[in-house]
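Below is one structure, written out as structure tokens, with a few remarks after it.
There are 2 protein chains.
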Amino acid sequence: MKNVTIADVAKQAEVSKSTVSQYLNKRYDYMGEKTKQRIQEAVEKLGYQPNIVARSLKQKATKTIGVIVANILHNFTTKVVRAIEDVCHASDFHTIICNADDDPVKEKYYIEMLRAKQVDGLIIFPTGDNRDLYQKMLDSSYPVVFMDREVEGMDIPSIMLHNEKAAELAVEHFLEKGYRRIGMMTTSLINHTTPRVERVEGYKKALRRSGIPIYKDYIISGEPQSLQTELEELLHLERPPEGILAGNDLVLIEILKYAKQKGVRVPEDLAVIGIDDVSFASFYTPAITTVAQPTFKMGKAGAELLLNIVQKQEETTKQASLRFEPTLMIRDSV
Amino acid sequence: MKNVTIADVAKQAEVSKSTVSQYLNKRYDYMGEKTKQRIQEAVEKLGYQPNIVARSLKQKATKTIGVIVANILHNFTTKVVRAIEDVCHASDFHTIICNADDDPVKEKYYIEMLRAKQVDGLIIFPTGDNRDLYQKMLDSSYPVVFMDREVEGMDIPSIMLHNEKAAELAVEHFLEKGYRRIGMMTTSLINHTTPRVERVEGYKKALRRSGIPIYKDYIISGEPQSLQTELEELLHLERPPEGILAGNDLVLIEILKYAKQKGVRVPEDLAVIGIDDVSFASFYTPAITTVAQPTFKMGKAGAELLLNIVQKQEETTKQASLRFEPTLMIRDSV
DNA sequence: CTGAAAGCGCTTACAG
DNA sequence: CTGAAAGCGCTTACAG
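Heads up: the protein sequence lines correspond to chains Y and W, in order.
Going by the working numbering, the first residue of the first sequence is number 274, and it counts up by one from there.
Going by the working numbering, the first residue of the second sequence is number 274, and it counts up by one from there.
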């Protein structure tokens with residue numbers, strides 16, 4: 274079964290390819306009624322389906338954007354991606370999702386691959402370690418929007434949570450509930466990943482504001498695999514924290530696993546707040562108090578910003594960056 | 274900044290476009306050493322990146338496959354998709370994921386869209402309600418593989434769990450633990466979705482084999498939103514079940530939510546087993562006994578099968594269908 | 001060992 | 001109101 278092309282339709286309808294193309298693109302201001310009909314019949318008879326690849330080549334636009342996430346395992350990421358897809362879909366854009374797995378090499382591979390595929394723009398949760406590439410995109414004024422993180426000194430807009438506030442909200446809730454010895458645990462800080470750094474900053478600020486001393490020992494960061502042992506040490510300090518703030522969903526899960534395994538009671542032995550409103554928060558026992566990110570709004574904002582840039586209604590510049598407000602979801606874990 | 278094309282490279286290197294193309298495609302059996310070098314230098318100097326859209330048009334292959342999932346909310350789906358991506362990535366294929374949201378209209382839209390984008394093949398978690406379209410793909414021998422579900426009478430290979438066995442494993446575990454009054458709850462059966470139907474079948478078989486009567490009242494199905502009220506009724510029967518099998522992860526979550534809200538103790542008041550090994554199973558309290566699907570293996574098998582078909586090493590036929598074995602993960606909820 | 005030419009399936013000024 | 005022609009950026013027999 275040969276693929277039917279616009280030429281076949283033209284022949285069948287006894288008009289030129291141009292006319293068929295006009296018809297298909299709904300540019301029939303002056304097209305004869307019978308012509309339209311003949312083309313429509315030919316299209317149906319032959320079961321013609323346009324070849325988008327050919328169109329893209331000619332139009333130099335694919336109506337597709339790429340999304341490169343740093344790590345698909347974060348619940349936040351999944352949610353944001355869904356929102357991006359929804360927005361794009363509504364504007365008739367398609368999305369290609371790639372997972373860089375926190376690896377700059379993979380990120381580079383995907384950026385190059387997606388650009389080779391001629392996607393019209395990119396939303397990146399940047400690893401931060403491909404500055405030359407980011408710069409190249411800027412130089413060629415290729416549409417890019419960063420999500421969740423920013424890259425210092427790079428004039429690319431970022432969609433971000435108000436991270437300091439998220440941590441402050443959590444710490445203030447601990448304080449209100451009478452906790453004074455509050456720890457914080459986060460995934461690795463070595464890459465200076467924006468949300469992590471800012472959340473730790475917010476944690477410190479909130480404590481300082483209440484005149485509570487900040488113990489270095491109370492601030493833990495590391496890869497998820499090492500968190501269990503870190504936690505073990507933390508809780509065996511002479512004066513261990515009575516409450517702990519999990520910097521994101523993966524950290525929260527490690528804490529809950531540890532608690533379960535060691536018979537640490539939440540919140541009696543250890544109160545917990547997690548940043549990111551995990552799926553099971555509401556029906557876990559105890560229900561987990563979290564700080565929720567407006568994932569849908571953030572995804573939507575990122576997609577809309579990118580599409581605006583693609584459609585030249587906006588400039589790729591840090592000016593366009595947006596911060597979103599976190600919300601404290603009070604439940605039973607503190 | 275103009276996009277640099279193969280013509281620019283050719284001019285720069287003072288060779289023809291053909292030669293550059295050969296070089297880029299590593300067809301340089303007989304290419305002069307200096308020629309290669311000149312081309313390589315030109316490529317670097319100009320920062321040339323090939324345009325995959327143009328290549329795809331010519332080669333009539335995009336090295337991209339489409340994945341249309343019925344419902345991205347299932348944990349199973351996410352896992353399988355990741356495995357598919359991994360396999361494709363390793364074979365230098367790209368993937369475009371679309372979520373049909375259990376809606377045949379969306380499914381149709383995506384099938385047509387992806388074919389228009391000239392993807393080389395499709396992995397579909399079929400809604401089952403687009404038989405004409407499925408048939409059309411078969412007729413034009415377009416590569417398709419079904420995942421998770423099969424469509425009756427359609428000669429397309431499916432990658433599936435041994436669903437009956439999954440339910441049997443769960444029921445047998447209930448029985449071993451001394452339970453006799455065992456209910457089953459699943460998402461809607463009206464579309465005869467393979468796994469749901471087969472799991473209910475397995476549940477019945479296992480009971481029958483042990484000579485336990487099957488109560489219609491004990492088998493509940495419906496949309497996730499209505500499950501709470503259904504559950505309420507079920508547990509207020511004169512002789513309510515003491516254990517319940519959740520047909521999938523979404524159902525399990527509804528059950529746990531209900532239990533939490535109504536103070537139903539698991540497993541004391543109600544024992545629970547879920548099909549699908551949810552993320553929180555191991556650290557929930559109580560840890561949830563589940564029947565796990567080999568998600569990674571299944572995704573891998575589906576992707577490999579499709580890629581084989583695309584590369585003409587295998588035929589699109591139901592013969593190629595594969596069933597996978599479930600595993601009982603014994604924990605504390607029964 | 002390398003190049004000229006045709007062609008993949010579209011779109012788009014432009015001419016009439 | 002419709003068509004001929006050029007061109008998007010590649011690849012691929014084929015010729016030499």
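Yeah, the Cβ is synthetic: ideal placement off N, Cα and C, and Gly gets one too.
Source: prediction; values computed, not measured.
By the 16-neighbour rule on beta-carbons within 10 angstroms, Val378/Y is exposed. Proximity of Ser606/Y to chain W, defined by a Cβ-Cβ separation below 7 Å, is not satisfied. For the pair Gly475/Y and Lys331/Y, the Cα-to-Cα distance works out to about 50 Å. Contacts with chain Y at 7 Å (Cβ-Cβ) do not include Val524/W. Collapsing the DSSP output to three states places Phe349/W in a helix.
The CB of Glu385/Y comes closer than 9 Å to the CB of Gln322 in chain W, given here in chain order. For Val470/W, the enclosing alpha helix (DSSP H) stretches over residues 467 to 482.
Annotation: Ser364/W is outside any beta strand (DSSP E) and is labelled neither H nor E by DSSP. Close CB contacts of Pro540/W within its chain, under the 8 Å cut and outside five residues either way in sequence, are with Gly516, Pro559, Asp605, Ser606, Val607 (chain order). By alpha-carbon distance to Lys409/W, the top candidate from Asp428/W, Glu423/W, Arg422/W, Met420/W is Asp428/W.
With fewer than 16 other Cβ atoms from the protein chains shown falling within 10 Å of its own Cβ, Thr590/Y counts as exposed. Short of 6 Å from the beta carbon of Lys336/W, and not among the five residues preceding or following it, lie these beta carbons of its own chain, in chain order: Phe366. The secondary-structure analysis by DSSP pairs Arg300/W with nothing; it has no beta-bridge partner. Secondary structure in the stretch 501 to 548 of chain Y: the alpha helix (DSSP H) runs of 4 residues or longer, each lying completely within the stretch, are 522 to 535 in chain order.
Taking 7 Å as the cut-off, the Cβ atoms of Val354/Y and Phe398/Y do not count as close. Remark: C-beta atoms of Ser461/Y and Ser431/Y do not approach each other more closely than 7 Å.
For Ile492/Y, the uninterrupted beta strand (DSSP E) run begins and ends at 492 to 495, by DSSP.
According to DSSP, Ser294/Y shares a beta bridge with no other residue. The Cβ atoms of Phe569/Y and Ala356/Y lie closer than 7 Å to each other.
Between the alpha carbons of Pro416/Y and Ile338/Y lies a gap of roughly 10 Å. Note that the stretch 490 to 505 of chain Y touches the stretch 445 to 465 of chain Y; at least 3 beta-carbon pairs, one per stretch, sit closer than 8 Å. Using a Cβ-Cβ cut-off of 7 Å, Ser329/Y is close to Val326 of chain W, given in chain order. Around the beta carbon of Asn521/W, 16 or more other beta carbons sit within 10 angstroms, so the residue counts as buried. Beta bridge pairing from DSSP links Leu395/Y with Gly339/Y, Val417/Y. Using a 10 angstroms sphere on the CB of Ala315/Y, the tally of other CB atoms reaches 16 or more, which defines it as buried. For the set Glu496/Y, Leu507/Y, Pro497/Y, Leu523/Y, the Cα lying nearest the Cα of His347/Y is the one of Leu523/Y.
Annotation: Val473/Y to Phe447/Y spans about 15 Å, alpha carbon to alpha carbon. Chain-ordered, the chain Y residues with CB closer than 8 Å to the CB of Ala389/W read Gln322, Pro323, Asn324, Ile325. Ala554/Y places its beta carbon 7 Å or farther from that of Leu578/Y. Looking only at Leu580/Y, Glu358/Y, Asp376/Y, Lys535/Y, the smallest Cα-Cα distance to Asn372/W is reached by Glu358/Y.
In this structure, DSSP gives Arg328/Y a helical state, which the three-state scheme calls helix. Per DSSP, the beta bridge partners of Gly456/W are Ile517/W. Interface with chain Y (7 Å Cβ-Cβ cutoff): Thr558/W is included.
Around the beta carbon of Tyr407/W, a 10 Å sphere encloses 16 or more other beta carbons of the protein chains shown; the residue is thus reported as buried. For Val444/W, the enclosing alpha helix (DSSP H) begins and ends at 436 to 449. Between Glu527/Y and Pro567/Y a beta carbon distance of about 25 Å is seen, past the 8 Å cut, so the two are scored as non-contacting.
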